[in-house]
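Residue 1059 in our numbering sits at position 333 of the sequence shown, with consecutive numbering throughout.
Comments concern the structure below.
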Amino acid sequence: MQIGIVGLPMAGKTTVFNLLTGMGAPAGPGADFPGNRDEGTIGMAKVPDERIDYLHNMFKPRKTTYAQIRVTDLPGLVRSAGVKGDNARGQANMFLKSIQGVDAVVHVIRAFPSPDIPHMDGSVDPVRDFDAVNMELILSDLEIVYKALERVNGGGGGAGRGAAGPRKKIKLEPGQLEALEKCRVALEAEKPVRDASLTGEEFLLLKGFGFLTAKPLVTVINMGEEHLKTGDYPGRAELRLRAANARSPLVELSARIEAEIASLDDEDDQAAFMQDFGISEPGISKLARACYDALGLISFFTVGEDEVKAWTIKNGTTAKAAAGKIHSDIERGFIRAEVAGFDDLKRHGSIAALKEKGLYRLEGKDYVVADGDIINFRFNV
Ligand SMILES: Nc1nc2c(ncn2[C@@H]2O[C@H](COP(=O)(O)OP(=O)(O)OP(=O)(O)O)[C@@H](O)[C@H]2O)c(=O)[nH]1
Ligand SMILES: [Mg+2]
727 MQIGIVGLPM AGKTTVFNLL TGMGAPAGPG ADFPGNRDEG TIGMAKVPDE RIDYLHNMFK
787 PRKTTYAQIR VTDLPGLVRS AGVKGDNARG QANMFLKSIQ GVDAVVHVIR AFPSPDIPHM
847 DGSVDPVRDF DAVNMELILS DLEIVYKALE RVNGGGGGAG RGAAGPRKKI KLEPGQLEAL
907 EKCRVALEAE KPVRDASLTG EEFLLLKGFG FLTAKPLVTV INMGEEHLKT GDYPGRAELR
967 LRAANARSPL VELSARIEAE IASLDDEDDQ AAFMQDFGIS EPGISKLARA CYDALGLISF
1027 FTVGEDEVKA WTIKNGTTAK AAAGKIHSDI ERGFIRAEVA GFDDLKRHGS IAALKEKGLY
1087 RLEGKDYVVA DGDIINFRFN V
């Protein structure tokens, strides 16, 4: 599972990326974009989970493994001319191509005031930036639609388009052209693909196009220290409305403060620091979870002396398919799943106690795995 981080320049994207991944990519004014500008910086984010912490303390395993999400950090977006402008073709932010394959988009928006860090538009205005970035994502999708439609007609790749000569005509699957037309109409009206009234089937037909405005969106507000105490910042009410309309979870945090907390080695110091700022849970944990939720993901656990591990599955996955996450042999040779709920284990203290109480169940291949299930698969190969 993958997410891509977008936003205007100097919004705090790389700071958030470093917090999520524990990496130290250079951030700040004048920092060269690390790695390849066209592909972004890639890292793995651990998804914090108190249940894994608990199981770790209970089983004292040699290894503890949290769920992970792959994250791509991109350069700041530049402004294109708009839908009707000369450069209306979303060419300005070609690097957005590299996140067409991600499962959700994270938009980091600056709300922190800082005289040392100028904003490209001369002022800090989270509502304006929310709209500006959505516009760039819309233009990038529109470019994909236009290219596809041109290629259906055998055109494309003409002068000034930056492509290498005329390209091969493509043939679309039945229904794809109609679905693409719906997208074109929505995008030209400056609306995201998720509001293009596509049917579920059409969504699937267009999956390969990787439309960014069709993906779940998670909005991150990067607040200033001064906002932490009150939880308020300019434009908050309006932003909450916009995020709700885009069905986007909104995570409010201060990337700089969280980075300072993360840099403290001592856990007591971290706790004291967080208390000072009235932070009950690191925003970065909330963000990792919000992404996990937005992707429709849940975790099941395997436990033992060797390893306590969280496995990532889509909500609705059956026991047999979940077994396949661990190994294809276990899926093929699936016999039964021994299943206990995490909350039951926490309440009763041990697997043995669960067995006594009949709370360690045997489930068949069609059992739909629940979030927090602790599973031991019986299989033969
Ligand atoms: N005051 C304050 N400064 C912050 C905060 N978050 C990030 N910054 C600073 O803002 C500058 C930009 O942060 P980055 O994380 O590099 O921002 P970015 O969005 O990755 O920037 P580009 O990649 O250049 O587009 C750095 O100097 C950060 O230290 C914050 O919450 N408060
Ligand atoms: Mg950056």
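Each residue gets a CB set at the ideal place from its N, CA and C atoms; glycine is no exception.
Proximity below 8 Å, CB of residue i to CB of residue j
| i | j | result |
| --- | --- | --- |
| Thr798 | Ile870 | no |
| Val773 | Ala1014 | yes |
| Ala830 | Val944 | yes |
| Asp851 | Gly934 | no |
| Gly1042 | Val1094 | yes |
| Val859 | Gly738 | no |
| Arg982 | Thr741 | yes |
| Leu803 | Ile825 | no |
| Ala905 | Leu932 | yes |
| Ile1101 | Phe999 | no |
| Leu781 | Val1034 | yes |
| Pro844 | Gly950 | no |
| Met727 | Arg836 | no |
| Glu916 | Met861 | yes |
| Ala1047 | Phe1103 | no |
Three-state secondary structure (DSSP) of residue i
| i | result |
| --- | --- |
| Ile691 | Outside the modelled stretch of the chain, which goes from 727 to 1107, sits residue 691, for which no answer is possible. |
| Met770 | strand |
| Phe937 | coil |
| Gly748 | coil |
| Asp847 | coil |
| Val834 | strand |
| Arg1062 | strand |
| Gln728 | strand |
| Ile1024 | strand |
| Thr741 | helix |
| Arg777 | helix |
| Arg796 | strand |
| Phe1003 | coil |
| Glu978 | strand |
| Glu916 | coil |
| Ala690 | Here the chain covers residues 727 to 1107 and nothing more, so residue 690 does not appear. |
| Ile1100 | strand |
| Arg1087 | strand |
| Lys897 | coil |
| Asn783 | helix |
| Asn1041 | coil |
| Gly957 | coil |
| Val1029 | coil |
Status (buried if at least 16 other CB within 10 Å, exposed otherwise) for residue i
| i | result |
| --- | --- |
| Ser1076 | exposed |
| Ile1061 | exposed |
| Ala963 | exposed |
| Glu876 | buried |
| Thr691 | In the structure as shown, the chain begins at 727 and stops at 1107. Residue 691 is therefore absent and cannot be evaluated. |
| Gly1090 | exposed |
| Val953 | The residue you asked about is not Val; residue 953 is His in the sequence shown. When all chains shown are included, His953 counts as buried. |
| Asp775 | buried |
| Asn879 | exposed |
| Gly1098 | buried |
| Asn971 | exposed |
| Gln1004 | Reading off the sequence shown, one finds Gly at residue 1004, where the question assumed Gln. That one is exposed. |
| Ala753 | buried |
| Arg788 | exposed |
| Asp994 | exposed |
| Val1107 | exposed |
| Leu1111 | Residue 1111 cannot be examined here, being either before or after the span of the chain that is shown, 727 to 1107. |
| Thr939 | buried |
| Ser974 | buried |
| His833 | buried |
| Leu745 | buried |
Check: residue i C-beta below 7 Å from any heavy atom of ligand 2
| i | result |
| --- | --- |
| Thr747 | no |
| Asp799 | yes |
| Ala985 | no |
| Ala753 | yes |
| Thr956 | no |
| Thr939 | no |
| Thr945 | no |
| Lys739 | yes |
Distance cut-off 7 Å: residue i Cβ against heavy atoms of ligand 1
| i | result |
| --- | --- |
| Ser980 | yes |
| Glu804 | With the sequence shown as reference, residue 804 is identified as Val, and Glu is not the correct amino acid for it. False, no ligand heavy atom lies under 7 Å from that Cβ. |
| Asn783 | no |
| Met846 | no |
| Met693 | Absent from the model: residue 693. The displayed extent of the chain is 727 to 1107, so no value can be given. |
| Asn819 | no |
| Ser840 | yes |
| Asn971 | no |
Chain B within 8 Å of residue i, Cβ atoms only
| i | result |
| --- | --- |
| Leu967 | Looking at the structure shown, chain B is missing, and only one protein chain is on hand. |
Worksheet item: Okay, do the segment 970-982 and the segment 1028-1042 touch, 3+ Cβ pairs below 8 Å being the bar?
Response: no
Worksheet item: Touch check for the segment 853-869 and the segment 906-919: three-plus C-beta pairs under 8 Å?
Response: yes
Worksheet item: Counting pairs of Cβ atoms below 8 Å between the segment 844-858 and the segment 896-904, do you hit three or more?
Response: no
Discussion item. Three Cβ pairs or more, each shorter than 8 Å: is that satisfied between the segment 986-1001 and the segment 1018-1038?
Written reply: no
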